[in-house]
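All remarks here apply to the structure that follows.
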Amino acid sequence: GMEITLFVKKKEGRVTLLLVYVDDMIVTGNEEEEIIKLKGLPATEFDLKDLGKLRYFLGIEIARSSNGLVLNQRKYTLDLLEETGKLGCRPASTPLDTGHKLRLRDGELL
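This is how it looks when you write it as C-alpha cells:
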C-alpha cells in the first residue's frame, strides 16, 4: 500500500504541513518563515532539491487559478491510454448507450 506520512504543526493560527511519500516531500503552510526553516532541516542530513512551487505529485497535476488550486490527472490518463493502446480511440460522452434501461438482474453475477 501507499505509505504517506503527514506532519502538521499548528501554533497561534499558523499552520505548517510536511507531506512525505518515499523520497518526495511537500512543505506548505501560511507562515513563510516556518516553511523556510522546515525545508532547511532535512538538507543537513540529505541531498535535497527544491523544485519550487508544486506542479506535479503522485500522478496529480496541480495548477493555480484565481479561485485556488486546480487538480487533474490528465498526464496520468494519457500515459494510461498510451500504455493500453487506446490513445487513438474516440472518446464517448457517456459510458453506456443513452436510454439503456438498467435492471436489478442484468447479466451474470461475479
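Each residue of the sequence shown is one higher than the one before, counting from 9 in this note's numbering.
Just so you know, even glycine gets a beta-carbon here, dropped at the ideal spot from N, CA and C.
Per DSSP, what are the beta-bridge partners of residue i in this structure?
i    : result
T106 : Looking at the DSSP assignment, T106 forms no beta bridge with any residue, so it has no partner.
L14  : L27
F54  : Note: F54 sits in no beta bridge, so no partner.
K19  : R22
G96  : Bridge partners of G96: none, in fact.
E69  : Y64, N80
For residue i, which of the options has the nearest alpha-carbon?
i   : options            : result
L27 : G21, K47, G96      : K47
G60 : I68, N38, F54, M33 : M33
V16 : D31, N38, S73      : N38
K19 : G107, L104, E42    : E42
Y29 : G67, K94, Y84      : G67
P99 : G21, L62, T85      : T85
K83 : D31, S73, E69      : E69
Quick check on DSSP: helix, strand or coil for residue i?
i   : result
L60 : A small fix is needed here, since residue 60 is Gly in this sequence, not Leu. In this structure, G60 counts as coil in the three-state DSSP scheme.
R82 : helix
L76 : The question names Leu, but residue 76 in the sequence shown is Gly. The answer is strand: DSSP assigns G76 an E or B state.
G37 : strand
For residue i, is the classification buried or exposed, using 16 other Cβ atoms within 10 angstroms of its Cβ as the cut-off for buried?
i   : result
T24 : buried
V35 : buried
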